[in-house]
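Residue numbers (the numbering used here): -5 to 519.
#1: Go through its chain and collect everything with a Cβ distance to residue 127's Cβ below 6 Å, but skip five positions before and after it.
#2: Mind pulling the beta strand (DSSP E) runs of 3 or more residues that sit fully within the region 346 to 431?
#3: Do residue 196 and residue 235 have their C-beta atoms within less than 8 Å of each other?
#4: With DSSP as the reference, please indicate the residues paired to residue 437 in a beta bridge.
#5: Tell me the rounded alpha-carbon separation between residue 182 and residue 142.
#6: Does the Cβ of residue 90 have 16 or more other Cβ atoms within 10 Å, making it buried, or fewer, making it exposed?
#7: So, with DSSP's three-state summary, where would you put residue 516?
#8: If you run the structure through DSSP and keep just helix, strand and coil, what is residue 255?
#9: Measure the alpha-carbon distance for residue 81 versus residue 317 and round it to whole angstroms.
#10: So for residue 491, helix, strand or coil by DSSP?
#11: Quick check: the Cα distance between residue 393 and residue 325, rounded to an integer number of angstroms?
#12: With 16 as the cutoff for other CB atoms within 10 Å, does residue 405 come out buried or exposed?
#13: Contact between the region 58 to 72 and the region 435 to 448 is defined here as three or more beta-carbon pairs at a separation below 8 Å; is this criterion met?
#14: Indicate whether residue 159 and residue 207 have their beta-carbon atoms separated by less than 8 Å.
#15: On a Cα-Cα basis, can you pick out the residue from 54, 108 and 146 that is closest to residue 102?
#16: Exposed or buried, what is residue 409 when buried is set at 16 or more other beta-carbons lying within 10 Å of its beta-carbon?
#17: Out of 494, 231, 130 and 307, which has the shortest C-alpha to C-alpha gap to residue 284?
#18: Could you give the C-beta distance for residue 356 and residue 484, rounded to a whole number, given that I count them as a contact under 8 Å?
#19: Could you pull the start and end residues of the beta strand (DSSP E) that residue 305 belongs to?
#20: Please state if the CB of residue 425 and the CB of residue 348 are separated by a distance shorter than 8 Å.
#21: Could you give the DSSP three-state label for residue 70: helix, strand or coil?
#22: Let me know the alpha helix (DSSP H) ranges lying completely inside the region 277 to 347, each 4 residues or longer, listed in chain order.
#23: Please classify residue 192: is it buried, with 16 or more other beta-carbons within 10 angstroms of its beta-carbon, or exposed?
#24: Hey, how far is the Cα of residue 388 from the Cα of residue 350?
#25: Hey, how far is the Cα of residue 523 from the Cα of residue 300?
#26: Can residue 211 and residue 144 be called in contact, C-beta distance under 8 Å?
#27: Expressed to the nearest angstrom, what Euclidean distance is found between the alpha-carbon atoms of residue 379 and residue 414?
#28: Taking Cβ positions, are residue 456 and residue 395 nearer each other than 8 Å?
#29: Have a look at the DSSP bridge pairing and note the partners of residue 78.
#30: If we ignore side chains and look at the alpha-carbon of each, how far apart do residue 515 and residue 445 end up?
#31: Mapping the DSSP letters down to three states, classify residue 508 as helix, strand or coil.
#32: Return the chain-ordered ranges of every alpha helix (DSSP H) run that is complete within the region 108 to 188 and spans a minimum of 4 residues.
#33: Cβ of residue 447 less than 8 Å from any chain C Cβ?
#34: My understanding is that residue 305 touches residue 289, with C-beta atoms under 8 Å, so please give their C-beta distance in whole angstroms.
#35: Using the rule of at least 16 other Cβ atoms within 10 Å of the residue's Cβ for burial, across every protein chain shown, is residue 506 buried or exposed?
#36: Which same chain residues end up closer than 8 Å to residue 431 when comparing Cβ atoms and leaving out the 5 residues on each side of it in sequence?
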């Protein structure tokens, strides 16, 4: 309904007969007044599941080397076709309208800016591609070009420092050549027999089966050609369950690659270690044989002096805090950062000057950006409200971008001021749609729990909540059970949708939840 009076309403106001224009005007005015409350109510509506499927989903950004532009993927869904498509956009970090970089049918993802600032590499499945392939597009205009043809697919591209080569992950059969792998892929695609058999775990990971292929790092020239194996043949492989941007890193001189590998040969007793290997070929070295629990997420400092990694010390306990460790590559000495801080430390990005690290930390119900000083380990919160992820930092002076979100804001690309954490919105893809959505107020409360411990709980009220009335309570319980609920958006169990149904919705971080210290996380075991 809109504020415009229709022909039917005119007839109803006039009693269905001709009247004097002045009388008709009075009747129309009265009808408009009666319609006004309904019109106002119809201008906005609570968030619905249908509306959420119309929202654009913003991927993690990649920054240009000078920090002046960010590239990111935007995924939209077509409910009639029952599928989603993703394109890349570029936006100036100083502000401005996002510019669409790709427009081909399919999904473009995992953009990576070349160190010379001229190209963006990304992963896509276009045209006749049977698996996701590596593409490169010039930043200043032109068409994307496929780099190589990898029958087993491509993921997580990263540039070498001289911008001449690109590394990537592919899941391969280690005993098959490229042509043999292509034949096997085609055979499996054509075969009507889809049964699989396993002689060792893992068999599944979340929603998909894990086959016998191994994940390895390769490199390829920007112009294409035959890929070169980096980790294949070392005796180590990347995770069969899941890989991502934190699975491997390239040293600033391009001479070495560090990666996380599960050294357990049985598949039943995981133990991830940090492995380094020369990119030109050579013997791989395990750097973390001293720890029986998981080590991973290696990241070289921009000046090449340090290799950062994370460590857990309680074997088999996924909610064990992740510690941040530094290896000094000059003398192989190592030390733990912020050892006195009772928070889990991960997803770090290095400042361009190598003097500090930034990370989104799960901190008492909010994913806050923290700065950690490399020399002293001192830590300080940069942001307060809302949750942040997908940090990117580049340029001098340094520019930071991130994904900001909350219970009332879907993931949004922002620029974050390093001095005070002030965030400036850069993406606007959902602004028009959200202008018609009414959100309920969100409150964080604390109540005494078992043993007198403080329990933090999020309360989301229905839009237009009237405190003088009684409402039904919708009580959400997070799973895991250790993964705490932060002030962030979810497309799976969105509290604003439940609140929009007329419920007061509560989501509490009970004993065992992450973000409140190791003792609290361990208290339900």
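All C-beta atoms, glycine included, are put in the ideal place defined by N, C-alpha and C.
Since we're looking at a predicted model, the values are computed, not measured.
With the given structure in hand:
#1: 140 and 148
#2: 350 to 357, 360 to 367, 373 to 375, 381 to 388, 393 to 400, 403 to 410 and 417 to 419
#3: yes
#4: 453
#5: 22 Å
#6: With fewer than 16 other Cβ atoms inside 10 Å of its own Cβ, residue 90 counts as exposed.
#7: helix
#8: strand
#9: Straight through space, the alpha carbons of residue 317 and residue 81 are spaced by roughly 36 Å.
#10: helix
#11: 32 Å
#12: With 16 or more other Cβ atoms from the protein chains shown falling within 10 Å of its own Cβ, residue 405 counts as buried.
#13: Flag = no, the region 58 to 72 and the region 435 to 448 do not touch.
#14: no
#15: When only C-alpha atoms are compared, the closest one is 54.
#16: Buried, by the Cβ-count rule.
#17: 307
#18: Their Cβ separation, rounded to whole angstroms, is 15 Å, which puts residue 356 and residue 484 out of contact at 8 Å.
#19: 300 to 305
#20: Taking 8 Å as the Cβ cut-off, residue 348 and residue 425 do not qualify as a contacting pair.
#21: Looking at residue 70 - three-state DSSP - the assignment turns out to be strand.
#22: Uninterrupted alpha helix (DSSP H) stretches at least 4 residues long and entirely within the region 277 to 347 do not occur.
#23: Around the beta carbon of residue 192, fewer than 16 other beta carbons lie within 10 angstroms, which makes this residue exposed.
#24: A direct Cα-to-Cα measurement between residue 388 and residue 350 gives close to 13 Å.
#25: It is not possible to answer for residue 523, since the shown part of the chain is limited to -5 through 519.
#26: no
#27: Spanning the alpha carbons of residue 379 and residue 414 requires a straight line of approximately 12 Å.
#28: no
#29: 71
#30: 14 Å
#31: DSSP, reduced to helix, strand and coil, places residue 508 outside both helices and strands of the structure shown, so it counts as coil.
#32: 172 to 184
#33: In summary, chain C is missing from the structure at hand, where a single protein chain is found.
#34: 5 Å
#35: buried
#36: Take residue 431, set aside five residues on each side of it, and the residues of its chain with a beta-carbon closer than 8 Å to its own are 38, 39, 40, 41 and 45, in chain order.
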